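A.B. asks:
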Amino acid sequence: MRKIDETDKKIISLLTENPKMSQTAIAHKLKMSQPAVYARIKQLEDSGFIEHVVGLNLKKANFYMAKIDMTAKDPWKVLDFFKNCPMYINGLITSGRHNLCLFFISEKLSAIESCINFHIRKNPNVTDAEFNVVITTAKDLVVPVKMWYEKREKSPCGKRCSEEPCYPSGKCLGCPATIFYKGTIL
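Count along the sequence shown from 1, add 17, and you get the number used in the numbering used here.
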């Protein structure tokens, strides 16, 4: 693994504060040449110290976010089920009381709740689930989001929204990957 020095740390810090900062501006600020900054950024990218992520700013977009802590007999099976879900942000295998932590987003809180009720709480692989709504974030939170521009009849998890009990009631917006989606953003 490549070691990073103080200059690398400064470059990472500047890009964290402003991801759109030009290499020329970084070079000027650090009193380096632009090609030297380019070479360092390239090395940091190649070694995994810098990644570029495009996403949705949850704070500015007024999205709801929920954290679900759960215990699953096979946590990998749960992660695999949600891997293509447009509302699913990420999952963590954890130690402690629960062995899995999942994050979901939606423009409507009841849509997340419906997803949890029908796909987690009713899952025989899940023995315990705790649903927590994130009230606010201390800083802006930008997360990559799956945007489905080609809508289909079945969701990535294989369900058909029109057949789910929560859909007709309006609690669920439908899967953003399907023709049944009633939301406006995902």
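For each residue, glycine too, the CB sits at the ideal point set by N, CA and C. Values in this document were obtained by computation on a predicted structure and should not be read as measured data.
Please specify which runs of the beta strand (DSSP E), each continuous and at least 3 residues long, are wholly inside the region 42-123, giving them in chain order.
C.D. replies: Correct list: 81-89, 105-110 and 117-123.
A.B. asks: Rounded to whole angstroms, what is the Cα-Cα separation between K163 and I58?
C.D. replies: What you label residue 163 is simply residue 146 of the sequence shown in a count that begins at 1. What you label residue 58 is simply residue 41 of the sequence shown in a count that begins at 1. C-alpha separation (whole angstroms): 27 Å.
A.B. asks: What residue range does the beta strand (DSSP E) around E147 cover?
C.D. replies: Stepping through the sequence shown from its first residue, residue 147 is reached at position 130. Start and end: V143 to V151.
A.B. asks: Hey, how far is the Cα of T88 from the Cα of H115?
C.D. replies: On the sequence shown, residue 88 is found 71 positions in, with the first residue counted as 1. On the sequence shown, residue 115 is found 98 positions in, with the first residue counted as 1. Their backbone Cα atoms lie some 5 Å apart in a straight line.
A.B. asks: W93: which of E68, V143, G113 and K125 sits nearest, CA to CA?
C.D. replies: Sequence index remark: in the sequence shown, residue 93 carries index 76 (1-based). Closest option to W93, Cα to Cα, is V143.
A.B. asks: Measure the Cβ-Cβ separation of A78 and M104 and say whether it is below 9 Å.
C.D. replies: For this step, residue 78 is matched to residue 61 along the sequence shown. For this step, residue 104 is matched to residue 87 along the sequence shown. For A78 and M104, no; Cβs fall outside 9 Å.
A.B. asks: Compute the distance between the beta-carbons of L73 and K125, then report whether it is under 9 Å.
C.D. replies: The sequence position of residue 73 within the sequence shown is 56, counting from 1. The sequence position of residue 125 within the sequence shown is 108, counting from 1. Cβ distance not < 9 Å, so L73 and K125 don't count as in contact.
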